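Structure, as structure tokens:
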Amino acid sequence: LKLGQKEQPQPKMKLAKSSHSQPTPRTPHWGYSGAGGPAKWGTIEPAFKTCSTGHRQSPIDIKQAEAGQLEPLRFHYKVSLIELVNNGHTIQANYGKGSYITVGAERYELIQFHFHTPSEHRVVGRSFPMEIHFVHHNKRGRLAVVGVLAAFGDNNLAAREIWDRLPARAHSKSPDTRALINARDLLPDDASHFRYSGSLTTPPCSEPVSWMVLQKPEQLSEAQIARLHRIIG
């Protein structure tokens, strides 16, 4: 499926993206409320202007999808050591080299994945308790993000290696970074998806970003999602 333009911008719930948005002493403060909240992001510094002036800002409510013949999305993920980081906005899993997706003939390397509670994207107004973003880039530096919505269900065994190592303190790493993960195990078995051109969902809110939001939610237990929520809010 492909997705048309959203009717109008919606209030943004924002993600932390790779090294581009990890806080450093020189990074202007941004957050999810108050003076540093989404409504103010575009004025925090000139480099964030697109957060206010962009025309394809993510996330969106996916409610105007239409069937389309699109280049196939295929996953080529392999087992990797991951490094878990609490960057003050989310838990991020930095991934080893060699895993990628293909969109038709275009190859995008997996950089990292991270979590949001609740979901950033909505589907026909419906919010989900969690969303995972798998962030990729190609040789030209263009970004492609796969969004996986999560619903309450059975305990997710594939997520246990991560949940046992979640760093609870902001700006900290997991004490045990030698978790072996195949990111493919965190995806549903159906790659059908919504596709649209959007943006990073945190400052600098850069456009364009190729978004692919899987239609079938992944299941995690209520306790698993609650534990993540206690850490990242």
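Just so we're aligned: 947 in the numbering used here is position 9 of the sequence shown, and the numbers increase by one with no gaps anywhere.
We put the beta carbon where it would ideally sit given N, CA and C, even for glycine.
Values in this document were obtained by computation on a predicted structure and should not be read as measured data.
Cβ-Cβ distance between residue i and residue j below 9 angstroms
i: GLU1156; j: LEU1124; result: yes
i: GLY1036; j: SER1018; result: yes
i: HIS892; j: TYR1046; result: The structure shown does not extend to residue 892, since the chain spans only 939 to 1171, so no value can be given for it.
i: HIS1059; j: THR1028; result: no
i: PHE881; j: PRO1141; result: As displayed, the chain neither begins before 939 nor continues past 1171, which places residue 881 out of reach and without an answer.
i: LEU1011; j: ALA1129; result: yes
Collapsed DSSP secondary structure at residue i in the structure displayed
i: TRP968; result: coil
i: HIS993; result: coil
i: GLY974; result: helix
i: ARG1168; result: helix
i: LEU1118; result: strand
i: ARG1078; result: coil
i: ARG1098; result: helix
i: GLU1145; result: coil
6 angstroms Cβ shell around residue i - same chain, five flanking residues per side excluded
i: SER1159; result: ASN1093
i: PRO1001; result: The identity of residue 1001 in the sequence shown is Lys, whereas the question assumes Pro. Cβ within range, chain order: VAL1062.
i: PRO997; result: GLU1058, HIS1059 and THR1139
Proximity test, Cβ basis, 9 angstroms: residue i and chain B
i: THR1028; result: The structure shown has no chain B; it contains just one protein chain.
Whole-angstrom C-beta distance between residue j and residue i, which should lie under 8 angstroms
i: ALA1031; j: PHE1051; result: 5 angstroms
i: CYS989; j: GLY980; result: 4 angstroms
i: MET936; j: HIS1167; result: Past the boundaries of the shown model lies residue 936; the chain is included only from 939 to 1171, so the question cannot be answered.
Other residues of its chain near residue i: CB distance less than 7 angstroms, five sequence neighbours each side excluded
i: ASN1120; result: TYR1015, LYS1016 and VAL1017
i: GLU1009; result: VAL1041 and GLY1042
i: ARG1107; result: ASN1024
i: ALA1096; result: ASP1123 and LEU1124
Spatial neighbours of residue i in its chain, beta-carbon cut-off 8 angstroms, leaving aside the 5 residues before and after
i: HIS993; result: GLU1145
i: SER1110; result: VAL1023 and ASN1024
i: GLY1091; result: GLN1157, LEU1158 and SER1159
Segments assigned alpha helix (DSSP H), at least 4 residues, entirely inside the region 1000 to 1046:
With a minimum length of 4 residues, no continuous alpha helix (DSSP H) run stays inside the region 1000 to 1046.
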